[in-house]
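**Student:** There's a structure below that I have some questions on.
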Amino acid sequence: MELAERSVVDPALGDRIVKVNHAGEHGAVSIYMGQILMARITAPAMVDELIEVRSHERRHRALFEAELQRRGRARCRSYWLCACGGLTLGLITGLLGEKAIAATTAAVESVVLRHLTEQLAVLQGLDPEAIAAISAIIEEEQQHHDQSISHGADGFWRRVLTPIVSASTESVIWLGMRL
Ligand SMILES: [Fe+2]
Ligand SMILES: [Fe+2]
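Structure below.
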């Protein structure tokens, strides 16, 4: 069922979205953690930037965590899946170097931005607090995406990684919305 249809039948849609976004931000922190570890060897010039981006993702995670607590909702059951999957993805792509790191960020953030935009549309008039949390992060996610493109997230690794990373990100969001 499309998100727009679910908003009609699911009064807790905002809660679900906050829960999934919280787990997703944890996944993002984990990806960058893995990449930072490997980039110290494979792409040392990127490390400072990756550390800064991870600090944004930690802030995003804290924002959704606070929103979950305010609602008295538990973490998503996909939280640890996001952590393990994210860390694995981060370690592997970090090992492959600058272009693979940038291609991963471009793919993840593209999917994330598409979902955030869709979430904002379906939550209009339903859940102002969830809208505020999403609106607070969207500009930084766009910045992460654009920064990765400036690193030359194109060519071989873009072609190889985009389908895998996009499909994994989509699956984890799909699953999180149903857990
Ligand atoms: Fe984020
Ligand atoms: Fe991001």
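Each residue of the sequence shown is one higher than the one before, starting from 297 at the first, in the working numbering.
We put the beta carbon where it would ideally sit given N, CA and C, even for glycine.
Taking C-alpha atoms, which residue in Glu-435, Gln-415, Leu-422, Pro-459 lies nearest to Glu-298?
**Tutor:** Residue Gln-415 is the option with its Cα nearest to Glu-298.
**Student:** Is any heavy atom in ligand 2 found nearer than 8 Å to the beta carbon of Val-404?
**Tutor:** Yes - ligand 2 has a heavy atom lying nearer than 8 Å to the Cβ of Val-404.
**Student:** May I have a chain-ordered list of the alpha helix (DSSP H) segments no shorter than 4 residues that lie completely inside the region 341 to 393?
**Tutor:** Correct list: 343 to 366, 375 to 392.
**Student:** I need the straight-line Cα distance from His-322 to Glu-353, nearest angstrom please.
**Tutor:** The alpha-carbon atoms of His-322 and Glu-353 are separated by roughly 8 Å.
**Student:** Within 10 angstroms of the Cβ of Ser-326, are there 16 or more other Cβ atoms? Answer buried if so, exposed if not.
**Tutor:** Buried is the call here.
**Student:** With DSSP run on the structure shown, which of helix, strand or coil describes Ala-319?
**Tutor:** Three-state DSSP puts Ala-319 in a helix.
**Student:** Ends of the alpha helix (DSSP H) at Glu-466?
**Tutor:** Here the alpha helix (DSSP H) through Glu-466 covers 452 to 474.
**Student:** If we call anything under 9 Å between Cβ atoms a contact, is Ser-464 one with Ile-397?
**Tutor:** Cβ distance not < 9 Å, so Ser-464 and Ile-397 don't count as in contact.
**Student:** Span of the alpha helix (DSSP H) holding His-447?
**Tutor:** From DSSP, His-447 is part of no alpha helix (DSSP H); its letter is neither H nor E.
**Student:** Could you work out which residue in Ile-469, Ala-324, Leu-309 is closest to Leu-387 when comparing CA atoms only?
**Tutor:** Cα-wise, what sits closest to Leu-387 is Ala-324.
**Student:** Can you determine whether any heavy atom of ligand 1 sits closer than 8 Å to the C-beta of His-356, and answer yes or no?
**Tutor:** Checking the Cβ of His-356 against ligand 1 gives yes.
**Student:** In chain order, what residues have a CB nearer than 5 Å to some heavy atom of ligand 2?
**Tutor:** Working through the chain, the matches are Glu-437, His-440.
**Student:** Under a Cβ-count criterion, where at least 16 other Cβ atoms within 10 Å of its own Cβ denotes burial, should Thr-400 be classed as buried or exposed?
**Tutor:** Burial call: buried.
**Student:** In chain order, what residues of the same chain have a beta carbon less than 6 Å from the beta carbon of Gly-472, not counting five sequence neighbours either side?
**Tutor:** Closer than 6 Å at the Cβ level, and outside the excluded window around Gly-472, lie Val-316, Ala-319, Cys-372, Ser-374.
**Student:** Is Trp-453 buried or exposed, if buried means 16 or more other CB atoms sit within 10 Å of its CB?
**Tutor:** That one is buried.
**Student:** Report the rounded CA-to-CA distance for Leu-359 versus Ala-426, giving the unit in angstroms.
**Tutor:** If you take the alpha carbons of Leu-359 and Ala-426, they lie about 10 Å apart.
**Student:** So, is Arg-312 buried or exposed, given that buried needs 16 or more other C-beta atoms within 10 angstroms?
**Tutor:** Per the 10 Å Cβ criterion, buried.
**Student:** Under 8 Å from any heavy atom of ligand 1, does the C-beta of Val-324 make it?
**Tutor:** Here residue 324 turns out to be Ala, not Val, going by the sequence shown. Flag set: Cβ of Ala-324 near ligand 1.
**Student:** For Asp-442, does the three-state DSSP call read helix, strand or coil?
**Tutor:** Here Asp-442 sits in helix by DSSP.
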